[in-house]
Each structure stands twice: as C-alpha cells, then as structure tokens.
Amino acid sequence: EEWQLRAVSVYLAQEDDDAFQPSEITMAVFLRRAGTSHLWKAALPLLANAGLSMAAYALPCDDLDARLHVALSCFLGAAVLLWVVGGALPKAPYLTALDVVVVLTL
C-alpha cells in the first residue's frame with residue numbers, strides 16, 4: 852500500500868445570525884506516502900547497474916569494443932530505468948536523496 856491515511860479532520864464555522872446552518876465546512880485529509888518502495892524500485896537497481904558498469908574495467912585494455920559495449924549497455928539500462936520509474940515518482944521542487952543517487956550513478 853503506497854498511501855497511508857493518517858487522520859481526517861472536519862471543521863465547522865458558523866455565523867452568529869444562524870446557529871443551525873454552518874457557513875463554512877473545512878475538511879482536512881492527512882496522508883503519508885510509503886517511501887521505501889522507491890528505494891527498491893529505483894535506487895537499488897541504479898546502484899546495481901553502477902556496480903555492473905565497473906565490469907568494463909575487468910576487461911583487457913586491448914578489447915575496447917567490449918569495454919564500450921558494457922559501458923553503453925549500462926548507461927542505456929540506467930536511462931530506461933529512470934524513464935520508466937520517473938513517471939511514478941513524485942515531483943519535488945528540491946533535490947531528494949533519490950536524485951543524489953541518480954546523479955552519482957550516471
């Protein structure tokens with residue numbers, strides 16, 4: 852479950868001239884979003900992809916074609932993962948911890 856209902860509050864504001872009819876009703880719903888799902892869906896695969904990209908250094912220096920193949924495949928995999936997962940992530944006007952992971956893995 853991605854969202855958890857924390858509380859619901861209802862406020863009634865009445866004017867003095869009519870005690871039976873509220874003039875304003877305000878309802879507040881407090882939700883909390885589970886953030887661990889983003890860790891498992893985005894950050895962990897990105898870190899695993901960054902670890903796999905280090906396999907390019909294990910290949911011989913003469914085999915430039917294989918090294919480029921590994922590096923470009925990992926970069927393409929990271930880009931596709933961010934594109935797919937990015938639609939489900941909330942938009943925030945500030946830098947989040949997941950944004951830092953994305954920058955460090957690219």
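If you read the sequence shown in my numbering, its first letter stands for residue 852, the second for the next number, and so on.
Note that CB positions come from ideal geometry on N, CA and C, so glycine has one too.
Once you ignore the five residues that flank residue i on each side, which residues in its own chain have a CB closer than 6 Å to its CB?
i: A858; result: F881
i: Q855; result: R883
Taking the straight line between their C-alpha atoms, what separation do you get for residue i and residue j?
i: R883; j: S860; result: 15 Å
i: D925; j: I876; result: First, the amino acid is wrong: residue 925 is Cys here, not Asp. Answer to the nearest angstrom: the Cα atoms are 54 Å apart.
i: A922; j: A948; result: 25 Å
i: T887; j: Q865; result: 43 Å
i: P896; j: E853; result: 19 Å
Taking CB distances under 7 Å as the criterion, tell me whether residue i reaches chain B.
i: C912; result: This model lacks chain B altogether; it includes just one protein chain.
Considering only the alpha carbon of each residue, which of the options lies closest to residue i?
i: G928; options: A885, H889, L957; result: L957
i: L863; options: C912, V954, V936, A879; result: A879
i: H920; options: V931, L903, L932; result: L903
According to the Cβ coordinates, are residue i and residue j closer than 7 Å?
i: V931; j: A893; result: no
Go through its chain and collect everything with a Cβ distance to residue i's Cβ below 8 Å, but skip five positions before and after it.
i: L933; result: A893, L897, V953
i: D914; result: none
Can you list, in chain order, the residues of its chain with a C-beta nearer than 7 Å to that of residue i? Leave out the 5 residues immediately preceding and following it.
i: L890; result: none
i: A901; result: T956
How do the segment 936 to 945 and the segment 898 to 911 stand: do at least 3 beta-carbon pairs fall below 8 Å, yes or no?
no
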